[in-house]
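The structure under discussion appears below in the form of structure tokens.
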Amino acid sequence: MDVKNMDILQKYKDFFKDLTAKNVMNSMLIVLKEENTFKEAQEIMKNKKISGIPIVDDNYQVINIITMEDIINALSNNQIDMKISVKQRKKVVALKMEDDFEKIVEFLSTYGFGRYPVVSENNTLIGIITKQDLLFSVVSKLSVLYLHDERRKEILDSPLSVFVKNNINKNEPQFCYSINNSNVNNAGEGSALLKNFLKEKGIETKLIRKISISTYEAEVNVVIHGGGIGKIVAEITDESIVVFVEDIGPGIESIEKAMTAGFSTAPEYIRALGFGAGMGIPNIKRFADKLIITSEKGNGVKMEMIFWREKL
Amino acid sequence: MKLKEIMELIDAEIIVGEEYIKEMDIKHVGAADLMSEVLAFAKEDSLLLTGLTTPQIIRTAQMMDLAVIVLVRGKIPQQDTINLAKEVGIPVLTTKELLYTACGKLYNEKLESC
């Protein structure tokens, strides 16, 4: 996302105005203190695949940021085993949590840094925003925007795929199950088979549980709402497990509503079977690390769930 | 708490899975008639009290790694539920107690929520 793209985002600032820094930021924070060494920073960057780490004091105030460039400099100056405190403190450019989309875009195009800490009212660090975080928020918002629009289809196949590092070959997946079932009593076979498949592949038990629950909710949705015809596709990579569940049913009228706990369009007889409580998608959101739903009225639902694997 | 003791406490009978329950130890209990509520449970190896008897209780238990299902109000599940329970190895019990009473008795024994 270069400055030119930022101009485009600027034009749509009204549409994105609810994307405040607090909503955009990644709150899975990795921080270091000045007592840590450059070497430690280097290790974390390598393992977590990140290019910068905020340095905080005992009160969680950001006092510096260490980047890949600092590591390279430390290496060439033989300072790699030294404490980060040798690096001169500088004023860190930070966003406030209530800063709006316009402000975030302005920051990104003005400063050109890789990451921006987000701080609370009393200046403690609460999150971080990278260009990737902003991109993801924009795309998530767009999938709602394009709900009834043909262009929306492209979201699942192109730009997102780059974003989620999704190298799945949908034609030859590692796991594929065809859902063909309109009886809710039989729903769950695909998820059960996926569970066994993941067990055979030696995936961590905790992760299997999260995946099974999410896939099961999605499979039940296909049977209850999606006309019962669809498929479950899964792929294991070194970093993640990606599960697609799609159907060719009537589509979701409003994704925003479907994401709301307690909202359901399920008929009474489905509720009597213990489903239709409006918890399905919120449950999936809880267990999946990333969830992308695209839908269009009359054209089915595609759900992509991503589960990060723990570093071994 | 040993499942055997729980069974005595709420006077439960085994419908499926006698072979699994002998040494089973239960720490967490949940009660729900909505499968999506169950799917929001946090803990595995829990005991589930429910009034539902459809095969979905078995699927849900399988996905959640639940230990055992106890049906309340003396319900006996339909045959496809029993078949699926056998197939996936989830024990199913039944008690004549009401859901509320069964919960109360187990809660009294300091069994934690799941």
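Chains as they are written, first to last, in full-length UniProt numbering: chain A, 1 to 312; chain B, 1 to 114.
Ideal Cβ positions, reconstructed from N, Cα and C, are used throughout, including at glycine.
Keep in mind that this is a model prediction, so the values were computed, not measured.
- At a Cβ-Cβ threshold of 9 Å, Ser191 (chain A) and Ser178 (chain A) do not count as neighbours.
- Between the C-alpha atoms of Val88 (chain B) and Ala187 (chain A) there is a straight-line separation of about 14 Å.
- By DSSP's assignment, Glu13 (chain B) forms a beta bridge with B:Thr94.
- Remark: C-beta atoms of Met24 (chain B) and Tyr216 (chain A) do not approach each other more closely than 9 Å.
- Residues of chain A with a Cβ closer than 9 Å to the Cβ of Gln56 (chain B) are, in chain order, Val184, Asn185, Ala187, Gly188, Val220, Leu273, Gly274 and Phe275.
- One alpha carbon belongs to Cys114 (chain B), the other to Ala288 (chain A), and they sit about 20 Å apart.
- At least one beta carbon of chain B lies nearer than 9 Å to the beta carbon of Lys195 (chain A).
- For Met82 (chain A) and Lys91 (chain A), the gap between their C-alpha atoms comes out near 22 Å.
- Only residues of its own chain outside the window of five on either side were considered, and among them Thr95, Glu97, Ala102 and Lys105 have a CB closer than 6 Å to the CB of Ile10 (chain B), listed in chain order.
- Sequence-distant Cβ neighbours of Ala258 (chain A) in its own chain, meaning closer than 7 Å and more than five residues away, are Ile252 and Ile281.
- Taking the CA atoms as reference points, Val138 (chain A) sits about 9 Å from Val24 (chain A).
- Every alpha helix (DSSP H) stretch that sits fully inside the stretch 202-256 of chain A and reaches 4 residues is listed by chain position as 205-224.
- The criterion of a C-beta distance shorter than 9 Å is satisfied by Leu111 (chain B) and Ile26 (chain B).
- Counting every other CB atom within 10 Å of its CB across the protein chains shown gives Arg115 (chain A) a total of 16 or more, marking it as buried.
- Thr205 (chain A) and Phe307 (chain A) have their C-alpha atoms spaced approximately 13 Å apart.
- With a cut-off of 8 Å on Cβ pairs, the stretch 293-301 of chain A is not in contact with the stretch 260-274 of chain A, counting fewer than three such pairs.
- When DSSP states are grouped into helix, strand and coil, Gln79 (chain A) belongs to the coil group.
- Per DSSP, the unbroken beta strand (DSSP E) holding Met305 (chain A) starts and ends at Val301 to Trp308.
- Interface annotation, Ser85 (chain A): not in contact with chain B, CB-CB separation never under 9 Å.
- If one requires a minimum length of 4 residues, the alpha helix (DSSP H) runs lying completely within the UniProt domain "DRTGG" (5-102) of chain B are 18-21, 35-38, 55-64 and 79-88, in chain order.
- If you look at Ser85 (chain A), you'll find it isn't in any alpha helix (DSSP H); DSSP assigns it neither H nor E.
- Annotation for Phe101 (chain A): the continuous alpha helix (DSSP H) segment containing it runs Phe101 to Tyr111.
- Taking each of A:Asp57, A:Val245, A:Met45 and A:Val243 in turn and checking the Cα distance to Thr124 (chain A), the smallest one comes out for A:Asp57.
- Taking a 10 Å sphere around the C-beta of Ser264 (chain A), we find 16 or more other C-beta atoms and assign the residue as buried.
- Counting other Cβ atoms within 10 Å of its Cβ, Ala42 (chain B) stays below 16 and is therefore classed as exposed.
- For the 9 Å CB-CB criterion, Asn26 (chain A) and Gly112 (chain A) do not form a contact.
- Among the residues of chain B, those whose CB is under 8 Å from the CB of Arg209 (chain A) are Glu44, Met63, Met64 and Asp65, following chain order.
- Cβ contact annotation for Cys176 (chain A) (same chain, cutoff 6 Å, sequence separation greater than five): Val233, in chain order.
- In this chain, Lys46 (chain A) is not harboured by any beta strand (DSSP E); it is covered by the alpha helix (DSSP H) spanning Phe38 to Lys48.
- Between Glu239 (chain A) and Val222 (chain A), the C-beta spacing is not below 9 Å.
- Looking at the DSSP output, Tyr177 (chain A) bridges to A:Ile232.
- The beta carbon of Thr94 (chain B) sits no closer than 9 Å to any beta carbon of chain A.
- Chain B has no Cβ within less than 9 Å of the Cβ of Glu204 (chain A).
- In the DSSP annotation of this structure, the continuous segment of the alpha helix (DSSP H) that includes Val24 (chain A) starts and ends at Ala21 to Val24.
- Here Ile72 (chain A) carries a helix assignment [DSSP, helix/strand/coil].
- Taken atom to atom, the span from the alpha-carbon of Glu109 (chain B) to that of Met68 (chain A) is near 56 Å.
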